Every structure is written in structure tokens, then in C-alpha cells.
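The sequence shown maps to residues -8 to 359 in my numbering. See below for the structure under consideration.
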Amino acid sequence: MASDDKPAILLLAGDGIGPEIVTQARRVLEAFIKQGDFVATISDAQVGGVAWLEEGDPLPEHVLAQAKEADAILLGAVGAPRFDLEAPRDKRPEVALLRLRKELDLFANLRPAKCFKALVDASSLKPELVQGLDLLIVRELSAGVYFGKPRGEEKMPDGSSRWVDTQAYSEAEIVRITDVAFELARQRRAVLHSADKANVMETGYFWRKIVSERHKKKFSEVTLNHILADNCAMQLVREPKQFDIILTDNLFGDLLSDVAAMLTGSLGMLASASLGTRDEKSGRQNALYEPVHGSAPDIAGKGIANPLATILSLAMMLRISFEREDLASRVENAVETALMRGLRTADIAISEKPISSEAMGDAIIAEL
Ligand code: IPM
Ligand code: MG
């Protein structure tokens, strides 16, 4: 961000419940601006199925350009079943997200799974297993099978087809995400689990080798545990508190973070940050923040979606992109207090009467 300029925040609401949840996060941001606690210019653009419908492209070039300029992006969600049927495969809504990750080189995806005290009983696991849970999944986000080539259809000599995805990782791609995870481990409990399938996959073998090398070379004070990804999934639901940081590749990170999300009571609670490399000189770093949950088409437009994961993603933005720990904590405390007061959207309600997305937004702003 240019020093005399206001930081530019780009809101990409997207599809399904995206607009409803981003609206609530925007209100929180505007409350800070109005109170004089923060300055920023906020702009909006469309991505995903809505952008495809209106402009024929899930990530129009002008939106990509805006995203590259922004100091931070907050994204709601993309995708809906109708587009699976209507949009050509290369124009499906998810392409917007994947292209943003690739074009902005957002390689480091941080997905904290924290169990709020008030939600201990909302988890499908026994309360004692999730009480106090606080783990962080560090997912590689810009490489691996999500982007590997060759990809797609191949014609066989007999005229039949087979389809291919390619899992590939270069040393540099593993090193940079490993370093991010170890740096974070240093600031936390200094314990890191690296999840791979070294027993089966060549890339898994290489992943493990590089992680071990980085550990030995730069981070030997952190306790490193290698764990097979399938075992990691099982351990997450067996005894989640054994983990602090889980470092893993793009595909396993996708799966494991959904598992971790449920430990906290609802997928509606999980925030994330996707970060690029910080430019040493300017200090600039591409950053996109989004809830881990999807577009929830089944409840879209009803005003009942849980906006907390998006609001907590905004907190991550304030902390990481703008170094406003004070504001980030205020948001997180407001969320905790609202939950303690028994305010629940339908997804996290146990015996409480569910409130609307807007009422939850009101409650958070009131707490601020
Ligand atoms: C996620 C999502 C995305 C992914 C989809 C929407 C492309 O599931 O961010 O976890 O698979 O990465
Ligand atoms: Mg996912």
C-alpha cells in the first residue's frame, strides 16, 4: 500500500450466501471506519457464477486487475449447482477462486480451527475432546494436483478416453510453504505435524524429505512429526488436541480443513487467509481472506446464513494485512461474547432460537 494512500479493500461477494455474509462483514468494517478506528476504501466486484452470468467469465479481466491492486480481498463464496449444469467446465464458478489463487500466487493458506467456549456442545465430538481446541492448518494452495499438468482428457489409441490430474511439487514450492508453517510454529507451541502420503506417492516422499531438510537446517527447535494424511484425518476426530500446526499439501489440506472445521461446531465458524510472498522492499503482500465454508445454495437468499466465519476472516485481514491486532481482537472478542449470550444462527443453535445473519451482524457491531 502506498504510504499516503488509504488501504484498498476489495469485497468479492460471489454466489449463494456470499452476498449475505459479506454484507455483515462489511458492516463491521464500516463500523470501525465510522468510529475513526480504521481507514480504508472499500470496493466491490463480482466473481463466480454471477460474474459468468453477467459478463461471461467467472473472473473477468477487470476484476482480476482490481484484485491485483487491492491491499486485501474479502471473498464470500463461489459456486452453485445450477452452474454445474449450465456453465461450460472452464467457466464454472470455482475457476474464479482457482485463478485468483494462481494469479496472485496465494501459496500459503492458513485455516485456524478454534473451538469457542460457547460452542463446545455444538461439535459432533464429545465436549472434552474439543474444549480449548486451537489448531492451525497450513495448506499449500497454489500447486499440487489442483494445478498440475497434464490435466484433462486424453484420447487412447482405441478411441476411448481417460482423464488425468497431475500431482507435482517442486522443491521451491515445498520450501516456501514449509518455512511459513515453521515460522508460525515458533510463534505458537513449537510443534508441527506434516501430513503427506510418503508411503504411496512420489510427491509425498519428496515432501517429507524437503520438510525434514528445512527442519534440520533452520527450525530444529520446533518439534516435527511426520504423519500420514489418512492417519491425520483419523487422529483429528480421535484426539484433535494433539495438534497445533498441521502442514500439508493442497488436496490433503482441502480435506483435513473440512474435518477440522467440524470440530469447532460448524463449518460456519472457520476463517481463512490465503497469502502470497511479502515483497521485501515495499512490504506488500497479496492476501485474500475467505470463510472455509462454501456457498450453501440450499439456504441462499434466506438471510439465515452464519456470517461469523466471514467476520472472523475480516479479523484475520485486520491482523495480518494491516497489523491491527487491536481491531482483530475486538472482533474476535465480540464474536465470543455474542456466542456466550446465546446468540446463534441456525447452523450452531442447539436449543436457542436461531437468529438471522443480519441480527448476528447487529450483535457483533453492538459488542464492538
Ligand atoms: C476450499 C474449497 C475450494 C477448494 C473449492 C471451492 C474450489 O473447497 O477452499 O476449501 O477445493 O480449494
Ligand atoms: Mg474445501
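All C-beta atoms in this analysis are idealised placements derived from N, C-alpha and C, irrespective of residue type, glycine included. Being a predicted model, the structure only gives us computed values, none of them experimental.
Reference residue i, options the options, closest by Cα
| i | options | result |
| --- | --- | --- |
| Met253 | Cys106, Glu52, Ala63 and Glu45 | Cys106 |
| Ala181 | Ala163, Arg73 and Asn216 | Asn216 |
| Arg18 | Asp317, Leu330, Ala306 and Thr336 | Ala306 |
| Leu175 | Asn241, Asn100, Ser304 and Ala224 | Asn100 |
| Ser257 | Glu230, Asp221, Ile341 and Phe197 | Ile341 |
| Ala109 | Leu124, Ile218 and Asp96 | Leu124 |
| Leu55 | Arg275, Arg205 and Ala36 | Ala36 |
| Asp(-4) | Ile33, Leu3, Pro10 and Leu20 | Ile33 |
| Arg130 | Ala68, Ala220 and Gly244 | Gly244 |
| Glu85 | Glu162, Ala71 and Leu95 | Ala71 |
| Gly195 | Thr214, Pro231, Thr239 and Val213 | Thr239 |
| Pro298 | Phe197, Thr214, Asn324 and Ala350 | Ala350 |
| Gln276 | Glu11, Ala58 and Ala22 | Ala58 |
| Ile218 | Val191, Lys207 and Asp353 | Val191 |
| Trp43 | Met331, Lys344 and Leu88 | Leu88 |
| Glu45 | Phe74, Lys232 and Gln226 | Phe74 |
| Ile355 | Leu242, Arg83, Ala16 and Asp317 | Ala16 |
| Val326 | Glu343, Ala357 and Lys344 | Ala357 |
| Arg315 | Glu11, Phe23 and Asn241 | Phe23 |
| Thr328 | Ile311, Pro103, Val228 and Asp353 | Asp353 |
| Ser260 | Pro103, Asp62, Pro10 and Val30 | With the sequence shown as reference, residue 260 is identified as Met, and Ser is not the correct amino acid for it. Here the closest residue by C-alpha is Pro103. |
| Glu60 | Glu94, Ser286 and Lys272 | Glu94 |
| Phe313 | Leu97, Leu183 and Arg269 | Arg269 |
| Ser161 | Glu204, Leu246 and Trp198 | Trp198 |
| Ala163 | Phe98, Ser115, Leu227 and Leu183 | Phe98 |
| Val250 | Lys272, Ser273, Gln226 and Asn241 | Gln226 |
| Ile128 | Arg321, Gly292, Lys146 and Leu242 | Leu242 |
| Arg177 | His206, Asp149, Lys200 and Glu193 | His206 |
| Val41 | Asp62, Ala31 and Arg83 | Arg83 |
| His184 | Lys208, Met147, Glu193 and Asn222 | Asn222 |
| Glu204 | Glu193, Ile165 and Arg229 | Ile165 |
| Met331 | His53, Lys25, Val111 and Ala31 | Val111 |
| Ser115 | Ser320, Arg229, Arg310 and Arg321 | Arg229 |
Distance between beta carbons of residue j and residue i, contact taken as under 8 Å
| i | j | result |
| --- | --- | --- |
| Phe210 | Phe173 | 4 Å |
| Arg167 | Leu132 | Contact flag wrong, Cβ pair sits at about 11 Å. |
| Thr301 | Val13 | 6 Å |
| Glu144 | Ser152 | 5 Å |
| Gly294 | Ser248 | So it is not a contact: roughly 27 Å between Cβ atoms. |
| Asp6 | Gly39 | 4 Å |
| Ala224 | Lys188 | Not really, about 11 Å apart at Cβ, beyond 8 Å. |
| Ala186 | Ile237 | 6 Å |
| Thr169 | Val213 | So it is not a contact: roughly 11 Å between Cβ atoms. |
| Leu126 | Pro231 | 7 Å |
| Ile346 | Ala113 | Wrong, their Cβ atoms sit about 15 Å apart, outside the cutoff. |
| Phe29 | Leu318 | 6 Å |
| Ser286 | Gly9 | 6 Å |
| Ala296 | Glu11 | 5 Å |
| Glu343 | Gly333 | 5 Å |
Closer than 7 Å between the C-beta and any heavy atom of ligand 2: which residues qualify, listed along the chain? Counting only beta-carbon distances shorter than 7 Å to the non-hydrogen atoms of ligand 2, the qualifying residues in chain order are Asp245, Ser248, Asp249 and Val283.
3-residue-minimum beta strand (DSSP E) runs that sit fully inside the segment 259 to 288, ordered along the chain: Note on the segment 259 to 288: whole beta strand (DSSP E) runs with a minimum of 3 residues are 262 to 266 and 278 to 282, in chain order.
Please give me, in chain order, every unbroken run of the alpha helix (DSSP H) with length at least 4 that falls completely inside the segment 117 to 162. Qualifying alpha helix (DSSP H) stretches, in chain order: 118 to 121.
At 4 residues or longer, what runs of the alpha helix (DSSP H) sit wholly inside the segment 44 to 125? With a minimum length of 4 residues, the continuous alpha helix (DSSP H) runs that stay inside the segment 44 to 125 are 52 to 60, 72 to 77, 85 to 94 and 118 to 121.
Could you say if the segment 274 to 281 and the segment 104 to 123 meet the contact criterion of at least three C-beta pairs nearer than 8 Å? They do not touch, by the three-pair rule.
Counting pairs of Cβ atoms below 8 Å between the segment 126 to 140 and the segment 152 to 160, do you hit three or more? Contact holds: three or more Cβ-Cβ distances are below 8 Å.
Please specify which runs of the alpha helix (DSSP H), each continuous and at least 4 residues long, are wholly inside the segment 160 to 202, giving them in chain order. Fully enclosed alpha helix (DSSP H) runs of 4 or longer: 162 to 178.
Do the segment 300 to 317 and the segment 69 to 85 touch if we need at least three Cβ pairs shorter than 8 Å? Fewer than three beta-carbon pairs drawn from the segment 300 to 317 and the segment 69 to 85 are found closer than 8 Å, and the two stretches are therefore not classed as touching.
Sequence ranges, alpha helix (DSSP H) only - wholly within the segment 222 to 257, length at least 4: Considered as a whole, the segment 222 to 257 harbours 241 to 254 as its complete alpha helix (DSSP H) runs of no fewer than 4 residues, in chain order.
Tell me whether the segment -2 to 5 and the segment 63 to 70 touch, counting them as touching only if at least three CB pairs, one residue from each stretch, are closer than 8 Å. The segment -2 to 5 vs the segment 63 to 70: in contact.
Would you check if the segment 37 to 54 and the segment 256 to 270 touch, i.e. whether three or more CB-CB distances between them fall below 8 Å? Output reads no: the segment 37 to 54 does not touch the segment 256 to 270.
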